[in-house]
Amino acid sequence: MILYEYPCNERVRAFLRVEYLFDRLHYFMAGDDPHLHQIAVTTLFEILDVCERSDLRGMILQDIERQRLALSALREHPGVSSKLLDTMLNELQEVTAPLAAQGRLGQNLKENDWLGSLRGRLSVPGGCSQVDIPSYYAWQSRPVAQRRADLQSWSEAFQPMHAALMLVLRLLRDAGDVLEHTAHEGNYQEMLGGKSFQLLRVWVDEAAGVFPEMSANKYVLWVRFALQDTTNKPVPLTRDIHFKLARCNIG
6 MILYEYPCNE
16 RVRAFLRVEY
26 LFDRLHYFMA
36 GDDPHLHQIA
46 VTTLFEILDV
56 CERSDLRGMI
66 LQDIERQRLA
76 LSALREHPGV
86 SSKLLDTMLN
96 ELQEVTAPLA
106 AQGRLGQNLK
116 ENDWLGSLRG
126 RLSVPGGCSQ
136 VDIPSYYAWQ
146 SRPVAQRRAD
156 LQSWSEAFQP
166 MHAALMLVLR
176 LLRDAGDVLE
186 HTAHEGNYQE
196 MLGGKSFQLL
206 RVWVDEAAGV
216 FPEMSANKYV
226 LWVRFALQDT
236 TNKPVPLTRD
246 IHFKLARCNI
256 G
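In the numbering used here, the protein residues as written are 6 to 256.
As structure tokens, this is what we get:
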């Protein structure tokens with residue numbers, strides 16, 4: 006099964022984008038080749054760009070507080086395990102404390118003059134060749150362990166944010182019940198009657214060769230399936246397709 010996700014608001018969209026960047030950062034950091042580490046450096050600057058353009062830390066802390074309040078309210082429900090609830094609340098506190106105690110995210114990168122010059126050159130096509138930045142070429146020629154240690158050091162300041170973000174998204178994803186549906190002639194529509202969600206998750210059989218296009222507001226939810234022709238252009242599906250759907254919302 007292939008999983009597709011659709012954010013129902015800009016906050017969750019931002020969270021999913023940053024999650025993608027962290028996944029990419031850690032993947033390329035784990036490699037050995039200097040070209041892989043160049044992608045890791047570029048991704049690190051992309052994360053810094055996101056933090057500079059928006060109050061990402063503030064949004065994550067707000068979501069953690071909202072989820073803490075929602076979980077605390079579950080104490081009134083007789084079927085909820087107090088032990089599991091306390092464990093979850095403690096986990097929220099553990100990721101909140103280091104993130105709230107931080108100053109401006111990525112300040113260590115901005116105070117590094119060499120990284121600052123590198124950041125500017127990375128936006129220029131081919132700007133990081135040995136012709137333009139010999140010092141960067143020299144860094145790429147260092148042993149793998151040394152390069153990876155530098156990447157770990159540069160990314161360390163973002164780890165509290167990453168840990169908190171992963172917990173927020175895990176709680177959100179776990180909040181949705183997975184149900185089976187059928188999209189007749191490739192289309193599924195559901196009236197929501199004013200109920201809003203934060204995240205939609207759709208699972209579809211990989212063998213079906215289709216993908217969903219989703220949209221939602223507080224009135225209606227749409228899932229439209231398409232396939233790709235020989236030029237990869239999306240073509241609306243005209244047959245019935247079975248899929249799984251989770252509507253996720255907390256707070």
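All residues carry an ideal CB built from backbone N, CA and C; glycine is no exception.
- The three-state secondary structure of N113, taken from DSSP, is helix.
- Contact between the region 236 to 249 and the region 190 to 199 is present, with at least three C-beta pairs closer than 8 Å.
- Beta-carbon to beta-carbon, L66 and A35 are separated by about 29 Å, too far to satisfy the 8 Å threshold.
- For L172, the enclosing alpha helix (DSSP H) starts and ends at 164 to 179.
- The alpha-carbon of L242 is positioned some 52 Å away from that of N117.
- When the beta-carbon positions are compared, F202 and N254 come within less than 7 Å of each other.
- Pairing F33 with L21 gives a Cβ-Cβ distance that is not under 7 Å.
- The continuous stretches of beta strand (DSSP E) do not include T48, which lies in the alpha helix (DSSP H) extending over residues 39 to 58.
- F50 is a Cβ neighbour of R124, given a cutoff of 7 Å.
- In terms of CA proximity to I44, R29 leads the group R29, A212, V55, R58.
- The continuous beta strand (DSSP E) containing A231 extends over residues 225 to 233.
- Across the structure, G63 and E161 are spaced so that their CA atoms are roughly 19 Å apart.
- Per DSSP, the beta-bridge partners of P239 are Q233.
- For A221, the enclosing beta strand (DSSP E) covers residues 216 to 221.
- With a 10 Å radius around the Cβ and a threshold of 16 neighbouring Cβ atoms, R152 comes out buried.
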